[in-house]
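Numbering (our numbering), first residue to last: 4 to 149.
What follows is the structure, encoded as structure tokens:
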């Protein structure tokens, strides 16, 4: 007999995929009034959508890469919280996976060296690099048009 576990109002059969994954995206300077970007994301536990976000960023991004990197950070913070919540319910999981469609944002997250092209990005967003270095989260490219 299959036991089922109810997490966030979703039923997940015992033994099914319980990996956390997120998809992130951002527009760049999408708000016509203040030119701030909007971060968006959706989050899955296995095949079940469990949460989503859409939030205006707190600062003006100077490039598409910066806007996407900030969105990547927002998604990572949500996934860290979800992983902790899962652990509280007895569901241990490995590193979460975040899909991002911006190669530059992915490159910034994987490169611990500060370059002149990225020095304007606020240091508070660079915790994503730490997550990647510590293998707590994996960042993967998402093909455009998917």
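Every residue, glycine too, gets a C-beta built ideally from N, C-alpha and C.
Under the three-pair Cβ rule at 8 Å, the region 71-78 counts as touching the region 104-117. DSSP places residue 81 in the helix class (H, G or I) of the three-state scheme. Distance from the CA atom of residue 94 to the CA atom of residue 66, rounded to whole angstroms, is 38 Å. Setting aside the 5 residues that flank it on each side, residue 124 is surrounded in the same chain by 69, each with a C-beta closer than 6 Å to its C-beta; the list follows chain order. Taking a C-beta distance under 8 Å as the contact criterion, residue 40 and residue 32 qualify as a contact pair. Counting every other CB atom within 10 Å of its CB across the protein chains shown gives residue 62 a total below 16, marking it as exposed. Residue 85 and residue 96 have their C-alpha atoms roughly 10 Å apart.
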